[in-house]
Structure formats: C-alpha cells, structure tokens
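Engineer: Just add 17 to the spot in the first sequence (first one is 1) and you have my numbering.
We put the CB at the ideal spot given by N, CA and C, even for glycine.
Next up is a structure, given as structure tokens.
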Amino acid sequence: MAKPDVLTPQAQDFPQWYQDVVAKAELAEGGPVRGSMVIRPYGYAIWERVQAELDTRIKAAGAQNAYFPLFIPESYFRREAEHVEGFSPELAVVTHGGGKKLEEPVVVRPTSETIIGSYLAKWVQSYRDLPLALNQWANVVRWELRPRLFLRTTEFLWQEGHTAHASEQDAHLYSLRILRDVYEDFMVNVLAVPVLVGRKTDKERFAGATTTWATEGMMRDGKALQMGTSHELGQGFSRAFGIGFLDEEGQQRHAWLTSWGASTRLMGALIMAHGDDHGLRVPPRLAPVQVVVLVVKAEGGTAEAAAAVVAALREAGVRAELDVRTDSSFGRRVVGWELKGAPVRLEVGPRDLAEGSVVLCRRDSGTKVPVGLDRAVAEVRKALDEAQGSLLEEARRRLGAGTVECSSVEECQEATLSGFARIPGSVLATRADGMDGEARLNAMGVTVRLLQRPDGSLPAADQDLNELVAVVARAY
RNA sequence: CGGGGAGUAGCGCAGUUGGUAGCGCACCUGCUUUGGGAGCAGGAGGCCGCGGGUUCAAGUCCCGCCUCCCCGACCA
Numbered sequence: 018m019a020k021p022d023v024l025t026p027q028a029q030d031f032p033q034w035y036q037d038v039v040a041k042a043e044l045a046e047g048g049p050v051r052g053s054m055v056i057r058p059y060g061y062a063i064w065e066r067v068q069a070e071l072d073t074r075i076k077a078a079g080a081q082n083a084y085f086p087l088f089i090p091e092s093y094f095r096r097e098a099e100h101v102e103g104f105s106p107e108l109a110v111v112t113h114g115g116g117k118k119l120e121e122p123v124v125v126r127p128t129s130e131t132i133i134g135s136y137l138a139k140w141v142q143s144y145r146d147l148p149l150a151l152n153q154w155a156n157v158v159r160w161e162l163r164p165r166l167f168l169r170t171t172e173f174l175w176q177e178g179h180t181a182h183a184s185e186q187d188a189h190l191y192s193l194r195i196l197r198d199v200y201e202d203f204m205v206n207v208l209a210v211p212v213l214v215g216r217k218t219d220k221e222r223f224a225g226a227t228t229t230w231a232t233e234g235m236m237r238d239g240k241a242l243q244m245g246t247s248h249e250l251g252q253g254f255s256r257a258f259g260i261g262f263l264d265e266e267g268q269q270r271h272a273w274l275t276s277w278g279a280s281t282r283l284m285g286a287l288i289m290a291h292g293d294d295h296g297l298r299v300p301p302r303l304a305p306v307q308v309v310v311l312v313v314k315a316e317g318g319t320a321e322a323a324a325a326v327v328a329a330l331r332e333a334g335v336r337a338e339l340d341v342r343t344d345s346s347f348g349r350r351v352v353g354w355e356l357k358g359a360p361v362r363l364e365v366g367p368r369d370l371a372e373g374s375v376v377l378c379r380r381d382s383g384t385k386v387p388v389g390l391d392r393a394v395a396e397v398r399k400a401l402d403e404a405q406g407s408l409l410e411e412a413r414r415r416l417g418a419g420t421v422e423c424s425s426v427e428e429c430q431e432a433t434l435s436g437f438a439r440i441p442g443s444v445l446a447t448r449a450d451g452m453d454g455e456a457r458l459n460a461m462g463v464t465v466r467l468l469q470r471p472d473g474s475l476p477a478a479d480q481d482l483n484e485l486v487a488v489v490a491r492a493y
C-alpha cells in the first residue's frame with residue numbers, strides 16, 4: 018500500500034521540498050518576528066559540528082577568539098563611505114533604551130568591521146603587534162524582506178574573522194589562507210561539497226573591501242550558493258578608524274586588514290547539496306549522529322544487544338545513538354532517521370540476533386547488508402568512510418555535469434536554468450543595449466559568482482578580466 | 001513601496017439560500033501491534049484576526065482596522 022510522499026519530491030517543487038525537509042527533519046522553524054528563526058535541537062547539533070570543525074581550522078590559522086558588542090554606535094558606520102552605503106538599507110537601529118530616546122541611535126551589528134576596527138586602533142601601535150588575528154562567533158542582524166530559513170534570515174549565526182597586517186602582501190596571503198585552509202578544506206573534506214574558489218567582481222564585492230574571495234557550491238537544483246567569503250579590506254577601515262603603527266624604520270603606517278565569514282547558511286548548503294526525496298543526507302564527518310542503532314522490537318534480548326553495540330561504537334570513537342522507542346512503530350522511526358539523514362542505521366531485531374548479526378543500512382546509497390555482531394564496529398567505520406567519499410563524489414559529478422562552457426551572454430540563459438556557465442571574462446565588459454555583460458546577465462536573473470583563471474585556479478587580486486573566466490549562475 | 005491572495009483546533013483545510021462548529025494529520029486513554037509512516041474503540045482541544053453595523057439569529061451579509069503570505073529592485 019503506497020503511502021503518500023514524506024516530502025514534496027525535489028523534481029516537483031524544489032523550494033517546497035526544502036521547506037518540507039527543514040520542518041520534518043526538525044531543523045528549524047520561523048520565529049514570531051518576520052525573518053527570525055528558531056533553530057531546533059537537531060539543527061543546532063549540526064551547527065555545533067560546523068562550528069567545531071571551522072573553529073579548529075580557524076585556530077590552526079593563528080586566529081584567537083574574542084567577543085565584541087552587539088550594539089554599535091551609528092556614527093561608526095558613517096566613517097567608511099562604501100561600507101555605510103552597502104549596509105544602511107538593511108540595518109536594524111535601536112532608538113530607545115531604558116524608556117528614553119537615545120542621544121545617539123545604536124545599530125544592531127550587521128557585521129563588525131567598524132567596532133572591531135575601533136579596538137584594533139587601540140591595540141595596534143607597533144609592527145610588533147602585527148599580524149593580529151581575531152575571530153568571533155556571533156549573531157548578526159540584516160533586515161530581510163524575503164526570508165528563507167537558513168539561507169536568508171534577518172538574524173543569523175556566523176563566525177567573523179578580522180585581522181590586521183603590516184603589508185598588503187601579508188593581508189593578501191592571509192585572506193587566501195583562510196579561503197583555502199579553513200573554508201575550502203571544511204567544505205570539501207567535512208561538508209563533502211566540492212566548492213569553486215575565485216574572486217568576486219566589483220559589483221559582487223563586500224561593501225568596503227578591495228577584493229573579495231569566495232567559495233561557491235552547486236545545489237541539487239543547479240543553483241549556486243555562496244558558502245564562505247574572505248575579504249581584503251585594504252587600508253580603508255584603517256584610515257577611517259586610525260589603525261596605525263610604527264614600522265621598523267619608525268615610519269607611521271596604516272595597517273592592512275582582512276575579514277572573513279561563514280554563516281548558518283551552510284546549513285542550507287548541507288540540505289540542498291546532499292538531500293534527496295527521503296530527507297537529509299548528512300556526511301559522516303559532520304553528522305552529530307553518525308550511527309543510529311535501532312531496536313526493531315523489544316524481544317529476544319534486542320534492547321540489551323543494541324545497547325552493547327552502541328557502547329562498543331562509542332568506545333571506538335563513533336557518534337552513535339540508541340533508538341529503543343518500541344512504543345513507536347519500526348517504520349515510523351526508520352522514516353524519521355532517514356529524514357534526519359543519519360549516515361548509517363543498524364537494525365537490531367530478534368531474527369538478526371538469532372543469526373548473530375545486525376542489518377547495516379546506508380543512508381547515502383540505501384543499501385542494506387547483514388553483518389556479524391563481532392564485525393559491526395569495523396563495518397560501521399568502513400561504511401562511514403565510504404559514505405563520506407561517495408557523497409563528495411556524487412556532488413563532484415553533479416558539478417562537472419552541470420557546468421557548461423559558453424561564449425556569450427545569450428548562451429548563459431539556457432545553461433543557467435540547470436547549472437553553471439563559464440564564459441570568457443571579456444564578455445562581462447562587452448557593452449550592448451547600453452549595458453555591460455554583467456548587467457545583461459543580471460537582467461535575466463543570472464549573476465557572476467566568481468572569476469577564475471581558465472584552469473579553475475585562483476586569479477591574482479588585480480588580474481585583468483580578459484585573462485579570466487567568469488562562472489555565472491542563478492544564485493540563492 | 002506597486003500588483004494578487006488569505007486569516008476558523010498545534011498544523012493543513014471545509015463550512016451551502018444567515019440557524020450557534022466540522023474533516024485530515026498530530027495529541028490523550030485502553031487493547032491488539034511493531035522487519036518500511038500500525039489497527040480498532042473511546043477522548044480532549046475553538047474570542048471563527050480585531051472593532052463596529054444589519055438581523056430574532058452572523059464563521060457566513062455590510063463598513064472600518066490589523067496581520068500574514070505570494071509576485072517585482074538589494075543582500076551571507
């Protein structure tokens with residue numbers, strides 16, 4: 018007897034599928050204020066794994082965690098012209114406090130360049146103070162008119178790194194180090210999303226940056242998602258906030274800054290890059306629950322055997338959870354864990370136990386095989402390794418197959434209905450109908466995601482457009 | 001801000017020519033179940049967005065207000 022679909026099929030309505038997964042996998046729901054979001058325990062458990070993996074890499078790159086205020090004097094934003102222009106439409110401003118109108122309105126941080134800059138100005142005095150690398154885990158607010166859970170919410174969680182360097186070259190190298198060793202490494206090796214790396218066009222650049230580097234992933238509907246950005250800020254903020262230092266020769270200089278961030282939007286990447294019609298598929302290295310040991314029914318010593326398997330798995334360093342909720346039907350629990358995307362499920366039933374085995378089910382491929390109880394831990398570890406590789410490989414194939422070489426703006430229109438298009442950088446500057454190529458792409462709902470060298474490698478910060486390739490796509 | 005819809009149980013919805021509130025899912029209790037969303041029986045749950053008006057009587061008709069959703073310009 019055919020049950021109705023658990024989720025709206027992706028092929029039928031991808032945005033609806035996305036909303037269904039977020040709700041049914043118990044990741045998040047909307048808050049009472051438009052654009053706000055409640056992250057539920059399972060969603061937050063995944064985010065905590067994202068944080069842990071990113072935090073380790075950020076610290077390995079030499080940055081230290083700190084915390085700066087949520088409230089920023091409005092005047093700080095006016096000090097850097099491009100920055101204020103870019104952010105003013107989406108600021109939330111507090112005008113009252115303690116029952117009184119405030120002397121100066123206070124901005125709820127949309128990002129912290131300004132307030133951190135004001136402290137860097139105090140802390141940086143000498144070239145010996147540099148480089149100074151800080152990171153903070155925080156919430157930020159950017160007023161949104163079109164919210165989508167995780168992808169675009171008024172308040173979101175992220176990490177933002179802020180560094181000061183003695184030279185432009187040092188700042189440049191550091192921003193690339195973060196891009197590759199923190200973001201790209203995490204996304205490929207943990208999230209199993211094969212990202213493209215490159216430079217943003219002037220139009221897509223962060224407000225106040227001289228250069229923005231980004232990682233971009235392809236979702237299962239062929240649209241692009243920006244997943245982590247690293248900015249070279251030049252000396253603009255240093256001049257605005259007086260971040261100066263004496264160099265070895267006793268010369269007063271302005272510091273070169275960078276900033277870089279990745280947000281809860283990565284949850285959207287996880288969902289849309291790997292999820293299928295049965296729900297989430299969480300890569301094992303990320304999964305808060307790598308294995309669920311499911312008691313089929315409470316007879317024949319199944320509960321005891323399952324508990325022993327969980328203990329053995331945990332002993333071996335596997336994140337395992339026991340599901341003994343036999344007051345709920347077997348099928349319901351299976352569907353529930355599939356929705357949540359637990360990479361491996363071990364089914365422990367009386368029939369299996371009689372044979373001295375359990376059934377190992379893989380979420381990524383749907384395969385089920387009986388394994389001997391004595392080999393369960395080893396088989397689970399093998400399955401987790403294979404699932405991690407297989408999810409990445411599947412996403413890589415999709416990215417490859419969904420990327421088309423084009424030579425004109427017009428060709429991009431069709432190509433970007435289902436994936437990415439690569440066009441010569443020179444096309445972006447080519448004018449027609451009174452618009453340049455990038456504007457014509459934008460007019461048809463397509464944006465330039467990245468500029469790369471033709472072989473896909475990173476360009477120089479100032480490399481001429483004519484020597485580069487533009488990756489264009491519809492984007493979230 | 002411009003155009004189009006909707007407000008009824010936790011969620012999704014129905015509610016006829018006005019007659020005092022219903023369905024599915026979820027929830028609670030009991031029994032039987034549990035190897036891919038269990039079945040049966042019983043039960044709980046409502047300021048019908050808010051305010052006014054018409055009427056013997058308003059979820060339904062009239063007026064006003066509020067809120068939310070969808071579509072067009074920016075954004076991780």
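1. How far does the beta strand (DSSP E) with Met-461 in it extend, from its first residue to its last?
2. Just to confirm before moving on: does the CB-CB distance between Gln-243 and Ala-492 stay below 9 Å?
3. Quick one, which of His-291, Val-397, Gly-253, Ala-333 has its alpha-carbon nearest Phe-31's?
4. Extract the residue ranges of the beta strand (DSSP E) inside the region 39-95, only unbroken runs of 3 or more that lie entirely within it.
5. Which class does Phe-223 belong to by DSSP, given the choice of helix, strand or coil?
6. Can Ala-279 be considered in contact with the ligand HEM, in the sense that its beta carbon sits closer than 8 Å to one or more heavy atoms?
7. Where does Ser-247 land, buried or exposed, given buried means 16+ other C-beta within 10 angstroms?
8. How big is the Cα-Cα spacing for Val-488 and Val-207?
9. Among the candidates Asp-344, Leu-283, Pro-127, whose CA atom is the shortest distance from the CA of Lys-314?
10. If I measure Cβ to Cβ from Glu-121 and keep anything under 7 Å in the same chain, skipping five residues before and after, which residues do I get?
11. Would you call the CB atoms of Phe-167 and Ala-359 closer than 9 Å?
12. Taking C-alpha atoms, which residue in Tyr-59, Thr-275, Gln-27 lies nearest to Gln-307?
13. Whole angstroms are fine: how far does the CA of Ala-241 sit from the CA of Met-204?
14. Rounded to a whole number of angstroms, what is the C-alpha to C-alpha distance between Ala-77 and His-179?
15. For Val-141, collect the residues of the same chain with a Cβ closer than 7 Å to its Cβ; drop the 5 residues on either side in sequence, then sort them by chain order.
16. Can you find at least 3 beta carbon pairs, one from the region 456-468 and one from the region 408-424, that sit closer than 8 Å?
17. I need the straight-line Cα distance from Met-18 to Ser-276, nearest angstrom please.
18. Quick check: Val-341 and Val-376, are their CB atoms within less than 9 Å of each other?
19. Under DSSP, the alpha helix (DSSP H) around Arg-331 begins and ends at which residues?
20. Can you grab the Cα-Cα spacing for the pair Pro-49 / Gln-33, in whole Å?
21. Measuring alpha carbon to alpha carbon, tell me which residue in Phe-223, Val-397, Arg-392, Ala-324 is nearest Leu-339.
22. Using beta-carbon positions only, say whether Val-157 and Glu-185 come within less than 9 Å of one another.
23. Apart from the five residues just before and just after Arg-413, which ones in its own chain have a Cβ nearer than 7 Å to its Cβ?
24. Hey, how far is the Cα of Gly-134 from the Cα of His-100?
25. Once the 5 residues before and after Ala-83 are set aside, which same chain residues still bring their CB inside 8 Å of it?
26. Buried or exposed: Thr-496, going by 16 or more other Cβ atoms within 10 Å of its Cβ?
27. Out of Glu-266, Leu-409, Leu-196, Gly-234, state which residue places its alpha-carbon closest to the alpha-carbon of Arg-145.
28. Determine contact between the region 224-231 and the region 60-74, defined as no fewer than three beta-carbon pairs at a distance below 8 Å.
29. Which residue wins for smallest C-alpha separation from Val-214, given the options Asp-481, Asp-472, Glu-484?
30. The alpha helix (DSSP H) that contains Asn-156, what's its start and end?
31. Would Pro-300 and Ala-209 be called neighbours here (beta carbons separated by less than 9 Å)?
32. Cutting at 7 Å between CB atoms, please list the residues of its own chain near Cys-423, excluding the five before and the five after it.
33. Would you tell me roughly how many angstroms separate the C-alpha atoms of Ala-28 and Ala-279, rounded to the nearest one?
Structural biologist: In short, the structure shows the following:
1. For Met-461, there is no enclosing beta strand (DSSP E), as DSSP marks it with neither H nor E.
2. yes
3. Of the listed residues, the one whose Cα sits closest to Phe-31 is His-291.
4. 45-47, 54-56, 88-90
5. coil
6. Summarising the ligand content, the structure contains no ligands, and the ligand HEM is consequently not present.
7. Its Cβ being crowded by 16 or more others within 10 Å, Ser-247 is buried.
8. 24 Å
9. Closest by alpha carbon: Asp-344.
10. Pro-90, Glu-91, Ser-92
11. no
12. Tyr-59
13. 14 Å
14. 15 Å
15. Leu-147, Leu-149, Ala-181, Ile-260, Phe-262, Ala-272
16. no
17. A caution first: Met-18 carries a pLDDT of 38, below 50, which makes its placement in the model unreliable, though a value can still be read off. Going by the C-alpha atoms only, they are around 55 Å apart.
18. no
19. 319-332
20. The C-alpha of Pro-49 lies about 21 Å from the C-alpha of Gln-33.
21. Selection Phe-223, Val-397, Arg-392, Ala-324 evaluated against Leu-339 yields Ala-324 as nearest (Cα-Cα).
22. no
23. Sequence-distant partners of Arg-413 (beyond 5 residues in either direction) whose C-beta falls short of 7 Å from its own C-beta, in its chain, are Pro-211.
24. 13 Å
25. The beta carbon of Ala-83 sits closer than 8 Å to those of Leu-151, Asn-152, Gln-153, all from its chain and outside the five residues before and after it, given in chain order.
26. Outside the shown range of the chain (18 to 493) lies residue 496, about which nothing can therefore be said.
27. Glu-266
28. When Cβ pairs closer than 8 Å are counted between the two stretches, the region 224-231 is seen not to touch the region 60-74, the count staying below three.
29. Asp-472
30. In the DSSP annotation of this structure, Asn-156 is not part of any alpha helix (DSSP H); the continuous beta strand (DSSP E) holding it starts and ends at 149-158.
31. Yes, they are a contact pair.
32. Around Cys-423, the same chain offers Cys-429, Ala-432, Ala-438, Arg-439, Ile-440 as residues with beta carbons nearer than 7 Å, after the five sequence neighbours per side are excluded.
33. 29 Å
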